[in-house]
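So the sequence lines, in the order shown, correspond to chains A and B.
Using my numbering, read the first sequence as starting at 1 and increasing by one per residue.
Using my numbering, read the second sequence as starting at 1 and increasing by one per residue.
For each residue, glycine too, the CB sits at the ideal point set by N, CA and C.
Number of protein chains: 2
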Amino acid sequence: MNSTTATAERIMDAAQRMVQTRGYNAFSYADISALVGIRKASIHYYFPSKKDLGKELVARYRAGFRDKLDQMDNKTDDSRRKLKAYAQLYLDALRDEDRMCLCGMLASDIATLPEEVRREVVDFFADNEAWLAKTLDEGRKAGALSFDGSAKSEAQFFLTGLQGAMLVARTYGDETRLRTIAHKLLTKLGIKQQLA
Amino acid sequence: MNSTTATAERIMDAAQRMVQTRGYNAFSYADISALVGIRKASIHYYFPSKKDLGKELVARYRAGFRDKLDQMDNKTDDSRRKLKAYAQLYLDALRDEDRMCLCGMLASDIATLPEEVRREVVDFFADNEAWLAKTLDEGRKAGALSFDGSAKSEAQFFLTGLQGAMLVARTYGDETRLRTIAHKLLTKLGIKQQLA
DNA sequence: GTCTATAAGATGATAGAC
DNA sequence: GTCTATCATCTTATAGAC
């Protein structure tokens, strides 16, 4: 829209990248300043406190993720394609400057987060689990997927499996680890397709 | 042994708890000082730099974990019991002051860790994957376990599944989430037993 | 071994000029 | 909107007395 929003976006882009790669407690306004080319005080004009920045960061990320899930829903009814696309999101993030999922990273920082930020992180996971549960349930009813137990618990299994794989893959600096595990998660559901 | 070692242990105990609950970048020598009841400068006598403390912390944790795995090997040949006991270690940690696995937490901080600490974290995962792969392989050969693909990839799947479940369970403040997923991981291997 | 004192730098944040 | 200047506090770390 206008230039002020553009600056706020650039600040958030820089902050998000650092949270995803370093964590909430390992980036500062000075870091953003250097990346964006703006003084520390100016950042406070847009985000008075780090808490404000953190909250808006997760809210934006959640909304962006929701959009992607909606787009998948609009593009196809094939639950197998949807789950494959979902896993692909994680692979894409890891390949983009070795990023962790924003909320996976904030999950590790959970005990140190301001309450408002923490709430957003929980809601992100709830959003994702709900979408996955719905997709899994539809897929099983359509005979396209196979799994034991509730769709809800299988959704949690799928989500946490990807988060954990991402976490450990980053430690090894080996993205193929995430790919291997994503493939395994899909295979166990009866999905044979390959990920990019 | 002696009192100096005892103090170093108390420092490490306090530091480890804070790394497991808050992360490497969210605890300070001042925090340890308050918990142990010793001055900041005295901590530097035992651990000159934070890097030294971090490295010894992970080395001790690795050794302790190795001991536990050895004890399991000595106690039984039943791979199903071993894997159940392995998963139980994670549940026990989470129930002990809501702790993350030390190395799972450090994995999230990986980009900010001193190289020496990072190496220890990678080795921890390698240790664990090797033990899990061996146990899975023996179990499958004995007909006690069932899974597709290599024992190595299944070991990675099992380990990262537990780490991810722990990460998200902490976010919700709901230990039953880890229990549910651990149960699912075991069930998919053909293990029916319950976790405590 | 443990302390006091102190350093140099980073941190989140504010006041006020332009 | 963006800047300079400044802040109180925290961070890791060292020197030197006891």
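*Are the region 175-185 of chain A and the region 77-93 of chain A touching, with three or more C-beta to C-beta distances below 8 Å?*
Yes: the two stretches touch, three or more of their Cβ pairs being nearer than 8 Å.
_Below 9 Å on C-beta distance, what does B/A202 contact in chain A?_
The question about residue 202 of chain B has no answer here: the residues shown for chain B are numbered 1 through 196.
*On the premise that A/R99 lies in contact with A/T21, defined as a C-beta separation below 8 Å, what is that separation, rounded to the nearest angstrom?*
The pair is a contact, with the Cβ atoms about 6 Å apart (cut-off 8 Å).
*May I ask you to report which of helix, strand or coil DSSP gives A/C103?*
The answer is helix: DSSP assigns A/C103 an H, G or I state.
_Between the CA atoms of B/R60 and B/I38 - distance to the nearest angstrom_ = Roughly 22 Å between the two C-alpha positions.
*Identify, in the order they occur along the chain, each residue of the same chain with its Cβ nearer than 7 Å to the Cβ of B/A155, setting aside the five sequence neighbours on each side.*
So the list reads E129, L132, A133, L136, once near-sequence residues are dropped.
*Can you grab the Cα-Cα spacing for the pair B/E116 / B/T171, in whole Å?*
Computed Cα separation, rounded: 29 Å.
*Helix, strand or coil at B/F124 according to DSSP, with G and I counted as helix*: B/F124 falls in the helix class under three-state DSSP.
_Counted within 10 angstroms of its Cβ, other Cβ atoms place A/D70 as buried (16 or more) or exposed_ = Classification of A/D70: exposed, given that the 10 Å Cβ count is below 16.
*Among residues of its own chain, excluding the 5 on either side of A/K55, which ones have a beta-carbon nearer than 7 Å to its beta-carbon?*
Excluding its 5 nearest sequence neighbours in each direction, A/K55 has C-beta neighbours in its own chain below 7 Å: E116, V117, E120, listed in chain order.
_Proximity to B/V168 [Cα-Cα], best of B/A142, B/K188, B/S108, B/D31_ = The candidate whose alpha carbon is nearest that of B/V168 is B/S108.
*Going along chain B in order, which residues have a C-beta closer than 7 Å to the C-beta of A/S153?*
Those within 7 Å of A/S153 in chain B are T180, K184.
*CB contact check: B/D107 to chain A, cutoff 8 Å*: Reading the sequence as shown, one finds Ala at residue 107 of chain B and not Asp. When Cβ-Cβ separations below 8 Å define contact, B/A107 makes contact with chain A.
_Below 8 Å on C-beta distance, what does A/Y172 contact in chain B?_
In chain order, V122, F125 make up the part of chain B whose C-beta sits under 8 Å from the C-beta of A/Y172.
*For chain A, is any of its Cβ atoms less than 8 Å away from the one on B/I32?*
Taking a beta-carbon distance threshold of 8 Å, B/I32 does not count as an interface residue toward chain A.
_Quick check on the burial criterion: 16 or more other C-beta atoms within 10 angstroms. Buried or exposed for B/Q194?_
B/Q194 counts as exposed, since fewer than 16 other beta carbons sit within 10 angstroms of its beta carbon.
*Taking Cβ-Cβ distances shorter than 7 Å, what residues in chain A pair up with B/I110?*
Within chain A, the residues near B/I110 are R170, T171.
*asked:* Could you check whether A/C101 and A/V58 sit closer than 8 Å to each other, using their CB atoms as the reference points?
replied: No, Cβ-Cβ distance for A/V58 and A/C101 is not below 8 Å.
*asked:* On the criterion of 16 or more Cβ atoms from any shown chain inside 10 Å, does A/N74 qualify as buried, or is it exposed?
replied: Result: exposed.
*Endpoints, the alpha helix (DSSP H) within which A/N74 is located*: A/N74: member of the alpha helix (DSSP H) spanning 50-75, first to last residue.
*Evaluate A/T160 with the Cβ neighbour count: other Cβ atoms within 10 Å of its Cβ, from every protein chain shown; 16 or more gives buried, anything less gives exposed.*
Around the beta carbon of A/T160, a 10 Å sphere encloses 16 or more other beta carbons of the protein chains shown; the residue is thus reported as buried.
_On a Cα-Cα basis, can you pick out the residue from B/A14, B/H44, B/Y45, B/Y24 that is closest to B/I32?_
Considering only B/A14, B/H44, B/Y45, B/Y24, the residue with the shortest C-alpha distance to B/I32 is B/A14.
*Closest by CA to A/G164, which one among B/F147, B/D174, B/F27, B/A182?*
Comparing Cα positions, the closest option is B/A182.
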